[in-house]
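Here my numbering is used: the first residue of the sequence shown is 101, the next is one more, and so on.
Virtual Cβ for every residue (Gly too), placed ideally from N, Cα, C.
Please read these numbers as outputs of a predicted model, since none were measured by experiment.
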Amino acid sequence: MKFAAIDIGSNAVRLLISNVYEGVNGPIFKKSSLIRLPIRLGEDVFVNGKISEKKEDRLTKAMLAFKNMIDIHEVISFRACATSAMREASNGKEIAERIFKSTGVNIEIVSGTAEAEIIYANHIAEGLDNKFDYLYIDVGGGSTELTLFSNGYIKSSRSFNIGTIRLLHEKVEKWQWDEMKTWLKQQVISNKPIQAIGSGGNINKLYKLAKTKEGKPLSFEKLKELEVILNKYSYEERMEIIGLNPDRADVIVPAAKIYLTAMKVANCKKIYVPQIGMSDGLVHLLYEAYKKQKR
Numbered sequence: 101m102k103f104a105a106i107d108i109g110s111n112a113v114r115l116l117i118s119n120v121y122e123g124v125n126g127p128i129f130k131k132s133s134l135i136r137l138p139i140r141l142g143e144d145v146f147v148n149g150k151i152s153e154k155k156e157d158r159l160t161k162a163m164l165a166f167k168n169m170i171d172i173h174e175v176i177s178f179r180a181c182a183t184s185a186m187r188e189a190s191n192g193k194e195i196a197e198r199i200f201k202s203t204g205v206n207i208e209i210v211s212g213t214a215e216a217e218i219i220y221a222n223h224i225a226e227g228l229d230n231k232f233d234y235l236y237i238d239v240g241g242g243s244t245e246l247t248l249f250s251n252g253y254i255k256s257s258r259s260f261n262i263g264t265i266r267l268l269h270e271k272v273e274k275w276q277w278d279e280m281k282t283w284l285k286q287q288v289i290s291n292k293p294i295q296a297i298g299s300g301g302n303i304n305k306l307y308k309l310a311k312t313k314e315g316k317p318l319s320f321e322k323l324k325e326l327e328v329i330l331n332k333y334s335y336e337e338r339m340e341i342i343g344l345n346p347d348r349a350d351v352i353v354p355a356a357k358i359y360l361t362a363m364k365v366a367n368c369k370k371i372y373v374p375q376i377g378m379s380d381g382l383v384h385l386l387y388e389a390y391k392k393q394k395r
């Protein structure tokens, strides 16, 4: 069985096509194809409040290409969800309607809460050790979703308009940082030690740069060390010396700042990086809907 998910973020748009196998102990999800296009809708929205014609044209072409890929793969079903940039764009809904008419891709513009719920659909809580509480940190171009797990259940969750593209364009105020810190201090009240779980393209790249053994957590100290090194290099040097792609070389620094800030306030000494995100959550939800329909 194949399912597909389109994640329209503030920095990049992604298409995930995933195979799902019925295993003895439950479904097995295996990526068949992952395509990422750095369209950066947030550059328009967080500066000018709306998506430009040029970005709309690029997004429309991307959706048409994705729809063709989905058809070729003969998936059972797919969903396309847009987050912070399209949520805030004054013309977001109009663009979604035009894209549906021209490509057949129905874009759902989801709230920050719904975004966190989709990410949670990865069933990340099932593999957690109840000796710890966990802070799930998902950093995007326009927003950061924080979810606190205790005893395998969501204790609280909130979305903050602090993202890598916003930070690059100096669109995050001090009060927004303070709001996130205050929320974390109020929520992280437990006798249990707390560990972090990170998702998003930037933490995946930071994890690889740290050369952490797969499955092992990345320490706060190592992440801080990486941030210091990255800050020493210019944008060009991050591409030339470290080998980062142009669309990663700028956003990775503000991303590291967000993860480190959340971890420090919550007193997380380590962060696990399972390399899953919103598109993976959508595939899980599509599979569950398919099974329910079959029953």
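In the DSSP assignment, find the unbroken alpha helix (DSSP H) run with Ala196 in it and report its ends.
-> Gly192 to Thr203
Buried or exposed for Tyr75, please, with buried defined as at least 16 other CB atoms from any protein chain shown within 10 angstroms of its CB.
-> Only positions 101 to 395 of the chain appear in this structure, which leaves residue 75 out of reach.
Which residues DSSP lists as bridging Arg136, in chain order = Arg114
Quick one: is Asp278 buried, meaning 16 or more other Cβ sit within 10 Å of its Cβ, or exposed?
-> exposed
Beta-carbon contacts of Ala189 that lie in its chain and below 6 Å, excluding the five residues immediately before and after | Val145, Lys150 and Ile151
Identify whether Lys130 lies in helix, strand or coil by the three-state DSSP scheme.
-> strand
Could you tell me which residues DSSP pairs with Val120 in its beta bridges?
-> Phe129
DSSP state of Ser379, grouped into three classes?
-> helix
Secondary structure of Ile262, DSSP reduced to three states | coil
Which residue comes first and which comes last in the beta strand (DSSP E) that contains Thr247?
-> Thr244 to Ser250
Report yes or no: is there a C-beta of chain C within less than 7 Å of the C-beta of Asn291?
-> The structure shown contains no chain C; it holds only a single protein chain.
Roughly how many whole angstroms lie between the Cα atoms of Asn428 and Met339?
-> Given that the chain is displayed from residue 101 to residue 395, the structure contains no residue 428 and the question cannot be resolved.
Around the Cβ of Ile139, are there at least 16 other Cβ atoms within 10 angstroms (buried) or fewer (exposed)?
-> buried
The segment 223-232 contacting the segment 194-205, beta-carbon criterion three pairs below 8 Å = no
Rounded separation between Ala105 and Leu246 - CA only | 22 Å
Cβ-based neighbour list, Lys281, same chain, cut-off 8 Å, excluding 5 preceding and 5 following | Thr361 and Val365
State the CB to CB distance for the pair Gly242 and Ala185, rounded to an integer number of angstroms; the pair is presumed to be in contact (CB under 8 Å).
-> 5 Å
Is it buried or exposed for Asp107, if we count other Cβ within 10 angstroms and need 16 for buried?
-> buried
Should Asn119 and Gly381 be called a contact, given that it needs their Cβ atoms to be closer than 7 Å?
-> no
Closer than 7 Å by C-beta to Ser259: which residues in its own chain qualify, once you throw out the five before and the five after it? Chain order, please.
-> Gly212, Thr213, Glu215, Ala216, Ser243 and Glu245
When burial is assigned at 16 or more other CB atoms within 10 Å of the CB, is Leu134 buried or exposed?
-> exposed
Between which two residues does the beta strand (DSSP E) containing Ala296 stretch?
-> Ile294 to Ser299
Return the residue from the list Lys155, Gly123, Lys285 and Ala356 that minimises the CA-CA distance to Gly263.
-> Ala356
List the endpoints of the continuous alpha helix (DSSP H) containing Leu164.
-> Glu153 to His173
Residues near Ile128 by beta carbon distance below 6 Å, same chain, minus five either side = Tyr121
What do you reckon, is the C-beta of Asn111 under 6 Å from a heavy atom of the ligand NAD?
-> As presented, the structure is devoid of all ligands, the ligand NAD included, so that no description of it is given.
One or two residues paired with Asp229 in a DSSP bridge = Per DSSP, none; premise fails for Asp229.
What's the call for Asn125, buried or exposed, on a 16-neighbour Cβ count within 10 Å?
-> exposed
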